[in-house]
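Its first residue numbered 129, the sequence shown is counted upward by one per residue in the numbering used here.
No residue lacks a Cβ here, since even glycine has one placed at the ideal position from N, Cα and C.
For clarity, every value in this text was computed on a predicted model and none was experimentally measured.
Here is the structure we will look at.
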Amino acid sequence: MTDNTNPYDAPDTGHVWDENLRELTNPPPRWWTIAFHASWIFVIIYGILYPMVPLVSSHTKGVLGWTSIGEFKESVAELDAIRGPFEAKIAELEPAAILADRELANYTDASAKVLFGDRCAPCPGAGGQGNPGYPVLADDAWLYGGEIGKIVETITNGRRGIMPAHGARFSAEEIDDLTTYVAGLADGRDHEAGKVLFTGKAACFACHGMDGKGNQMIGAPDLTDRIWRFAGTPEAIRQTITHGVNDPSDPETRSAEMPAFSGTLDTTGIKKLAVYVHRLGGGQ
Ligand code: HEC
């Protein structure tokens, strides 16, 4: 920007203010002139190549034929080209075979994550970590079984475990005995009166087994593993025994229902979710 000419010799426009303030006619600096010409040349070239000038109902199209929607479609097509072979494989393979193919299972995981977030996370939590009243999907304890086939069955048809309410048929004392017995099962604490009821008159064993370890055929949980479907406090256990689960005859019954997804997801979606759930950590 420095100009070595003596300012008093510089040509001026003849305008003088305040007696000695003159308007000079120096040319602008060279860098400025170059930048100025480069800019308008760039604008013209850009206008020839790309859409630029708005017209009444359209705009100039540019010789390259570029459009933003075209660019978007191209990138979608590129993605589809990558996904296509994976999606085709998932559609045709059994879930167990998807699990066995590491690359395919990784792809399925990534793709099912969004599906799980939309459809499932409100209940068992985003990572399958469980919520009060909803089972944990990331551990080894399964109500109906953690084999991939069982998981597919659960997602497809939903689940609705039934445990009858016992409050009307047993005295408060008997319910207390049962509660104490069940609460102590995990620690091996025995409670004779409770055990007699559990394995006898109250017929808890019919579903939960003589040893309380549950029965996956009917979704009766293992009561000895410290993993609680509802909560492991004596109050929660007493509540379940008194009012049952999904027992229509008891208005205070616990309601526990997993909806069926066969109506809202296609088989590929269900397979993807099953693989995802299996890989959350607890699949067997
Ligand atoms: C007809 C089968 C059946 C019988 C009989 C039965 N249960 Fe259950 N029980 C279930 C099912 C199924 C569930 C789980 C339901 C669900 O959450 O989907 C359950 C859940 C429970 C739970 C909650 C477990 C948790 O993880 O929170 C407890 C506690 C329990 N039962 C105790 C008993 C006791 C004690 C008896 C006997 C008085 C009994 N059950 C009788 C089927 C039965």
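- Between D305 and G322, the C-beta gap is smaller than 8 angstroms, which places the two residues in contact.
- Using a 10 angstroms sphere on the CB of Y235, the tally of other CB atoms reaches 16 or more, which defines it as buried.
- If the five residues before and after S377 are omitted, its C-beta is found closer than 6 angstroms to no C-beta atom of its own chain.
- For the 8 angstroms CB-CB criterion, A138 and L152 form a contact.
- Per the DSSP secondary-structure output, L401 pairs with nothing in a beta bridge.
- According to the DSSP secondary-structure assignment, Y262 is paired through a beta bridge with N259.
- The C-beta of G347 has 16 or more other C-beta atoms within 10 Å across all chains shown, which makes the residue buried.
- DSSP places E206 in the helix class (H, G or I) of the three-state scheme.
- A distance below 7 angstroms between beta-carbons, with the five flanking residues on each side excluded, links T307 to the following residues of its chain, in chain order: P362, I365, R366, I369.
- In this structure, DSSP gives E151 an extended state, which the three-state scheme calls strand.
- Around the C-beta of F244, 16 or more other C-beta atoms lie within 10 Å, and the residue is accordingly described as buried.
- Taking C-beta atoms as the reference points, G261 and P252 fail to come closer than 8 angstroms.
- Sixteen is the threshold: since fewer than 16 other Cβ atoms of the shown chains lie within 10 Å of the Cβ of H187, the residue is exposed.
- Each residue's CA atom was taken as its position, placing I226 and Y178 some 46 angstroms apart.
- Residue pairing by DSSP places P182 opposite H187 in a beta bridge.
- Residues of the same chain with a CB within less than 8 angstroms of the CB of I176, apart from the 5 flanking positions on each side, are G190, V191 in chain order.
- Pairing G255 with V373 gives a Cβ-Cβ distance that is not under 8 angstroms.
- The DSSP-derived three-state label of N343 is strand.
- Taking a contact as a CB-CB distance under 8 angstroms, the pair L401 and C248 counts as one, their CB atoms being some 7 angstroms apart.
- Annotation note: the stretch 225-304 contains the following uninterrupted alpha helix (DSSP H) runs of length 4 or greater, listed N- to C-terminal: 230-247, 276-285.
- I346 has its Cβ nearer than 7 angstroms to a heavy atom of ligand 1.
- Here A166 carries a helix assignment [DSSP, helix/strand/coil].
- T141 is the residue among Y174, T141, D339 whose C-alpha sits nearest the C-alpha of L149.
- Each residue's CA atom was taken as its position, placing T327 and L271 some 21 angstroms apart.
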